[in-house]
Each structure stands twice: as structure tokens, then as C-alpha cells.
């Protein structure tokens with residue numbers, strides 16, 4: 053059974069960062085927000101829920117998180133602090149936090165890499181239905197890099213499923229984007245989001261897009277789309293997680309094993325932490341090799357060669 057100490061990552065913090073979390077924990081409620089953010093940076097990967105939620109409580113949290121995200125050193129030297137910051141932003145759920153996250157997706161997409169920028173759709177969706185109209189305006193900006201722009205479309209697909217009353221409006225918005233774009237990459241990236249609405253009425257528009265060669269069939273074909281419309285494949289599952297899960301023992305332990313242990317060893321034994329269940333890797337999923345690229349752009353097909 054996982055203990056509170058395990059969820060606080062005390063053992064990892066002590067062994068990897070050489071800090072005694074049990075001694076620090078009673079003092080964090082009295083720390084200024086700036087010191088909390090500095091502590092988050094110092095802990096590198098090993099930031100727990102307790103610290104994340106303490107930062108979320110602070111009225112000036114977005115100010116200090118913005119300062120961190122605007123400092124290029126954090127992107128060059130230690131990507132973990134920006135990663136933690138964008139997950140905390142998604143837990144704050146204010147208008148200011150939302151605009152900051154949009155700015156990061158808009159201007160820091162290359163720094164985040166395919167794996168993290170793809171995950172940003174779930175962070176956008178976590179803000180809820182009050183931000184649907186703002187997401188639509190973001191998606192309509194065709195000066196955005198296609199992959200970054202498509203993150204807002206995927207977020208709307210998640211919200212359409214969570215808030216069915218908005219489904220028709222979101223569908224109309226998505227079809228307008230598909231029918232008006234001349235960008236094959238953008239059209240290819242959003243076609244499965246449209247299919248994820250599981251509404252057969254979108255089929256003629258999707259068929260038209262394929263017929264007009266707007267969709268790169270190397271990445272996705274009409275058969276794939278039909279399976280999504282029929283509900284045979286849930287392409288949104290990875291975007292429906294609570295951002296707080298990022299700070300769980302499972303997620304931090306998984307990232308530790310992925311980035312800091314050799315293939316033939318594990319720092320965290322299976323008895324201490326549940327292992328990630330094996331499942332089919334989708335073409336748009338993060339590549340399991342840990343490169344940060346999408347599976348389709350990295351190892352897809354190489355396993356058979």
C-alpha cells in the first residue's frame with residue numbers, strides 16, 4: 053500500500069537531491085511564493101503534490117511562474133521546472149493562468165518538444181468549459197505553427213466529450229477550420245479530433261478532405277478515422293487526466309525510470325510502485341524510446357526492420 057511518505061517522494065528527494073523533505077514539509081506553508089518556486093526548481097524532477105498544491109493556493113503564483121518560464125536558463129539547463137510550472141498553471145485555472153499557458157504553447161513549442169506540447173491539450177482542457185470560446189479564437193490564428201495550433205483543437209475535442217451541451221458548437225468550429233485551411237499538416241493533425249466527436253454527420257466533410265488531398269495518409273487514413281467515429285479507439289484518453297497526476301508517485305517514478313536508469317535496472321522496484329500497463333502505442337503517442345518525438349516520427353516501423 054502506498055504511504056503518504058511515498059506520495060511525497062521523500063526517498064527520491066533524499067537520494068537524488070540530498071534534501072530532507074520531511075524536515076522541509078512543515079515549513080512550506082510559511083514560505084513566500086518566490087521561495088516555493090525556487091524550491092520547485094531545486095527539486096528538479098522530484099516535485100510532489102504537496103508542494104504543487106501549496107503553490108496553487110498563492111494569489112501571486114502566476115507572477116512567479118511567469119518569471120520562471122520567461123527565464124531561458126530553465127529551458128536550457130533543466131527542463132523539469134518549466135514542465136512542473138505548466139502543470140501547476142493548469143491547476144490554478146484562472147484567466148491569467150490560461151493566457152500564460154497559451155503563450156507557452158505559442159512561443160515555446162519547440163522547447164517543449166513533441167511529447168510535452170502534445171500533452172498541453174489536456175492541460176488546456178483542464179481549465180473547463182468557461183474557456184471554450186477563448187480556445188476557439190486561439191485555433192483561428194493561422195499564423196501559429198500547425199502542431200501548436202492543433203493543441204487547442206484537441207482540447208476542444210476533450211471538452212466536447214466532457215460537456216455535451218457544447219458539442220454542436222465545437223463541431224461547427226472544427227469543421228470550419230478543416231474546410232478553410234490550406235495547410236495539409238494542420239488538417240492532418242485535427243482530422244482525428246473531429247472524428248473523436250463520434251458524430252456520423254462529420255463523415256462527408258472528412259471524406260471531402262481526403263478527396264482533396266488535404267490529409268497525409270501516411271499518418272492517418274479513412275479506415276483509422278472510421279474506427280474513431282465508431283468509438284473503437286479512444287484517441288483522447290491521454291488528454292483526459294487531471295494535471296495533478298503529474299506530481300504523483302506513479303508519474304514521477306515513471307519519468308525517473310525513463311530518464312535516469314539503465315534499461316537493465318530500475319531504481320524503484322515493482323513492489324514499491326505499480327508499473328505502467330502495456331498498451332498499444334498510437335501513431336501520435338510519445339515514442340517509448342524517450343526521444344521526446346511522436347511515435348510516428350521516430351521508431352514507428354523500425355521494430356519490424
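Numbering (this note's numbering), first residue to last: 53 to 357.
Every residue gets a Cβ at the ideal spot worked out from N, C-alpha and C, and that includes glycine.
All figures in this text were calculated on a predicted structure; none of them were measured in a lab.
Residue range of the alpha helix (DSSP H) that includes residue i
i	result
residue 47	Summary: the structure shown does not reach residue 47, with the chain confined to residues 53 through 357, and so no result is reported for it.
residue 118	113 to 122
residue 105	101 to 109
residue 133	132 to 144
residue 159	147 to 159
residue 198	198 to 214
residue 222	219 to 232
residue 260	255 to 263
residue 284	Residue 284 -> no alpha helix (DSSP H), and no H or E assigned at all.
residue 94	85 to 94
residue 244	236 to 247
residue 358	The shown model of the chain, from 53 to 357, leaves out residue 358, and the question about it has no answer.
residue 250	First-last for residue 250: undefined, no H or E at that position.
Buried/exposed call for residue i, threshold 16 Cβ in 10 Å
i	result
residue 213	buried
residue 287	buried
residue 266	buried
residue 67	exposed
residue 312	exposed
residue 263	exposed
residue 170	buried
residue 180	exposed
residue 174	buried
Rounded C-alpha distance that separates residue i from residue j
i	j	result
residue 76	residue 231	55 Å
residue 205	residue 233	13 Å
residue 349	residue 79	Reliability of the predicted coordinates at residue 349 is poor, the pLDDT of 48 falling under 50, and the value obtained from them is presented with this limitation in mind. So the alpha carbons of these two residues sit roughly 46 Å apart.
residue 101	residue 92	11 Å
residue 158	residue 64	34 Å
residue 27	residue 83	The chain is shown from 53 up to 357; residue 27 falls before or after that span and cannot be answered.
residue 258	residue 219	17 Å
residue 176	residue 136	15 Å
residue 184	residue 141	17 Å
residue 229	residue 163	26 Å
residue 296	residue 303	10 Å
residue 215	residue 306	31 Å
residue 290	residue 178	12 Å
residue 81	residue 210	34 Å
Cβ-heavy atom distance, residue i to the ligand GDP, below 6 Å
i	result
residue 276	Because no ligand of any kind appears in the structure shown, any question about the ligand GDP cannot be addressed here.
Among the options, nearest to residue i - alpha-carbon criterion
i	options	result
residue 227	193, 245, 73 and 59	245
residue 133	177, 84, 103 and 218	103
residue 118	96, 129, 180 and 144	144
residue 99	175, 164 and 71	71
residue 359	239, 208, 303 and 172	Only positions 53 to 357 of the chain appear in this structure, which leaves residue 359 out of reach.
residue 121	297, 192 and 89	89
residue 106	85, 124, 114 and 94	85
residue 128	160, 198 and 155	160
residue 194	168, 217 and 236	236
residue 271	280, 252 and 241	241
Beta carbon proximity, residue i to chain C, threshold 7 Å
i	result
residue 60	Checking the listed chains, one finds no chain C in this structure; it contains a single protein chain.
Whole-Å CB distance - residue i paired with residue j, under 8 Å assumed
i	j	result
residue 238	residue 200	About 10 Å; that fails the 8 Å criterion.
residue 130	residue 109	With 8 Å as the limit, residue 130 and residue 109 do not qualify as a contact, their Cβ atoms being about 24 Å apart.
residue 138	residue 172	7 Å
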